[in-house]
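Engineer: Be aware that the sequence shown starts at 1, since it is given in UniProt numbering, and climbs by one per residue.
We put the beta carbon where it would ideally sit given N, CA and C, even for glycine.
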Amino acid sequence: MLGCRVMLGPRVMNLATLQGMSPYADTDCHYQGDSQIQSLDLNLEATSVIIRKGDRFEILTHGLKPADSEVRDDWNTEYSVQGKEAVFSASMDDDQFLAGSNPETVVQVTVPEAMKNLTVNLSMGGLELSGISLQSIDAVLDMGTLKLSGVMAGSLNASVSMGDADMRNVDMQNGTVTVDMGSLTMTGCKVTGQLDAEVSMGSATMDLRQKNALLDLNADMGDLTVNGTKAESGMLRTNTKETETGKGPVIRVGVSMGSLDLDLDGDIQTIREFPASGKAEKD
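#1: Between which residues of its own chain and valine 177 is the CB-CB distance below 7 Å, once the five residues before and five after are set aside?
#2: Is threonine 47 buried or exposed, if buried means 16 or more other CB atoms sit within 10 Å of its CB?
#3: Per the contact definition of three or more C-beta pairs closer than 8 Å, is the region 60-74 in contact with the region 125-136?
#4: Compare the C-alpha of glycine 254 against each of Gly202, Glu242, Asn239 and name the closest.
#5: I think alanine 90 touches leucine 64, with their Cβ atoms under 8 Å apart; what is that distance to the nearest whole Å?
#6: Kindly indicate which three-state DSSP category isoleucine 51 falls into: helix, strand or coil?
#7: Tell me, please, which residues DSSP counts as bridged to residue 291.
#8: Quick check: glutamate 85 and aspartate 41, are their CB atoms within less than 8 Å of each other?
#9: Please classify aspartate 267: is it buried, with 16 or more other beta-carbons within 10 angstroms of its beta-carbon, or exposed?
#10: Counting along the chain, where does the beta strand (DSSP E) carrying tyrosine 79 start and finish?
#11: What residues in its chain sit with their C-beta under 6 Å from that of residue 333, if we drop five residues either side in the sequence?
#12: What residue does the beta strand (DSSP E) around leucine 262 start on, and which one ends it?
#13: Starting from the N-terminal side, write out each stretch of the beta strand (DSSP E) that is 3 residues or longer and does not extend beyond the UniProt domain "DUF4097" (113-246).
#14: With burial defined as no fewer than 16 other Cβ atoms inside 10 Å of the residue's Cβ, what is the status of lysine 190: buried or exposed?
What follows is the structure in structure tokens.
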């Protein structure tokens, strides 16, 4: 059974009477779903989102309007389940948003092993994912901080328009990570397929658990450093010594304006360009 348990704090009525304050500042809701749910789609505005592994699927919210509320106002929350997919969204009127009348809100999600796909769209705030293992993860953050820790994904797509992306101990088969303005930090991460990472304005610092890799690196306006050695130019195409010629995981990283610092477990071959075929030349 699905449902929402709403607990209203003693200050709700007083807060509701104050101009510019949210009537849901002290509202806590609890949403539970069927154990067979395999996909979750989150669409949120101005909130802190925490997603962790759990024994069952549930969503806990603080400071948001209940999804089953019949009150007509500027706050909107919806929760639905169709088949094996759950959708949760929360938003408010643009005027209220610009006025900053909504207090800090929190959305906590636990996902069980049955969960396979996760999609998150967050306009502003913090997004944290930890200890989860999924087939696909799509995370889009307009402004704020994205943190991933102890995450495993077959396909990972992460995007931050303005802010920072911090990934620690993340294992992925294929991944796409973009930061328009801010920093990208990857520590203890590993790729078995292909990683495409791009920072338009900012820096990229990557320490990968990677012995085998084909590298395609580019820092247009900044320093390019690999395994502690600064490259003479801002472009480098090579592979690690453990990688069979022309084969292996592919790591492509580009920084348009800023520095790129990459550390690998494996030593790289002598710096050289790939021929037109895309395969490394033999030594």
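Structural biologist: Let me spell this out:
#1: Apart from sequence neighbours up to five positions away, the residues of its chain that approach valine 177 with a beta-carbon distance below 7 Å are Ala158, Ala165, Leu184, Ala197, ordered along the chain.
#2: buried
#3: Because the criterion of three Cβ pairs below 8 Å is not met, the region 125-136 and the region 60-74 do not touch.
#4: Gly202
#5: 5 Å
#6: strand
#7: Lying outside 1 to 283, the shown extent of the chain, residue 291 is not represented and no answer is given.
#8: yes
#9: Label assigned to aspartate 267: exposed.
#10: 75-82
#11: Lying before the first or after the last residue shown, residue 333 is absent from the chain, which here runs from 1 to 283.
#12: 260-264
#13: 117-130, 133-149, 152-168, 171-208, 214-221, 224-226, 235-239
#14: buried
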